[in-house]
Amino acid sequence: MCFVAPLYASANTILILGDSLSAAHGVPTERAWVQLLKKRLDDDGLPQWQVVNASIGGETTDGGARRLPGLLEEHDPDVVVIELGGNDGLRGFPPNVIESNLADMISRVQASGAETVLVGMQIPPNYGQRYTQMFADIFPKLSERFDTALVPFFLDGIYDQEGFMQDDGIHPTAEAQPRLLDNIWPALRPRLD
């Protein structure tokens with residue numbers, strides 16, 4: 006009896022730990038940026054990479070930090086994309102708490118031997134200039150501190166474009182999903198070699 010191993014038996018894993026922006030809120034799953042990422046990996050000659058989407062609508066950095074150890078153990082990822090913080094900011098959570106939770110997650114990812122791609126977020130100016138700036142500064146500060154890849158602003162070129170945001174003003178439309186992937190790709194792609 007002969008056993009033939011699958012071509013990519015030891016696939017590499019990208020774990021996406023995000024909120025509704027990565028959980029395809031209000032968008033058909035097949036058109037969401039995470040699904041588009043799977044197709045791009047194949048098109049770019051990287052079929053050995055599998056994508057695990059552990060994103061949950063409404064997720065906060067606290068929830069992500071609590072779920073991460075189990076996800077690292079279960080999936081043993083090579084790259085972890087952390088797309089969290091937006092819900093914390095919209096709820097007015099203290100920036101130092103958000104930063105601490107994200108720092109904890111990055112530390113755990115690095116301790117596991119995986120690489121981190123940190124996805125930056127910004128919140129609307131109606132939260133006040135001081136809070137808005139403190140929130141925006143969290144992501145580049147952590148990227149520099151931990152030497153991680155950074156997506157400066159996930160919704161860049163999306164939030165202010167007609168037809169790219171759903172009626173709630175928070176979630177991108179299906180039409181915006183390719184742009185979300187384009188915003189992630191430059192930070193993610195170098196980690197896949």
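Its first residue numbered 6, the sequence shown is counted upward by one per residue in this note's numbering.
All residues carry an ideal CB built from backbone N, CA and C; glycine is no exception.
Check, Outcome
"Quick one, which of Gln134, Leu22, Phe158, Pro99 has its alpha-carbon nearest Gly63's?", "Leu22"
"Would you mind reading off the limits of the alpha helix (DSSP H) that contains Gly91?", "91 to 95"
"Specify, as a first and last residue, the run of the alpha helix (DSSP H) that Thr3 falls within.", "What the structure shows of the chain is the stretch from 6 to 198, and residue 3 is not part of that stretch, so it cannot be assessed."
"Kindly list the residues whose CB is nearer than 8 Å to the CB of Ile111, restricted to its own chain and excluding five residues on each side of it in sequence; keep chain order.", "Ile87, Thr121, Leu123, Leu147, Phe151, Thr153"
"Go to Leu22, then tell me how far its beta strand (DSSP E) extends in each direction, as first and last residue.", "17 to 23"
"By the three-class DSSP mapping on this structure, what secondary structure does Thr66 have?", "helix"
"Taking the alpha-carbon positions, what's the Leu197 to Pro177 distance?", "26 Å"
"I'd like to know whether the C-beta atoms of Phe140 and Gly90 end up nearer to each other than 9 Å.", "yes"
"Is Ala179 near Val32, with beta carbons less than 9 Å apart?", "yes"
"Can you tell me which residues form a DSSP beta bridge with Met170?", "Pro177"
"Compute the Euclidean distance between the alpha carbons of Asp109 and Pro52, then round it to the nearest angstrom.", "31 Å"
"Between the C-alpha atoms of Leu95 and Asp24, what's the straight-line distance to the nearest angstrom?", "13 Å"
"Suppose you measure from the CA of His80 to the CA of Gly118; what does that come to, to the nearest Å?", "13 Å"
"Suppose you measure from the CA of Ile143 to the CA of Asp49; what does that come to, to the nearest Å?", "32 Å"
"Between Ser105 and Asp67, what straight-line distance do the alpha-carbon atoms span, to the nearest angstrom?", "9 Å"
"Just verifying my parser: in three-state terms, what is the DSSP assignment at Gln55?", "strand"
"Could you pull the start and end residues of the beta strand (DSSP E) that Ile87 belongs to?", "84 to 88"
"Please report how far the alpha carbon of Val84 lies from the alpha carbon of Ile19, in whole angstroms.", "5 Å"
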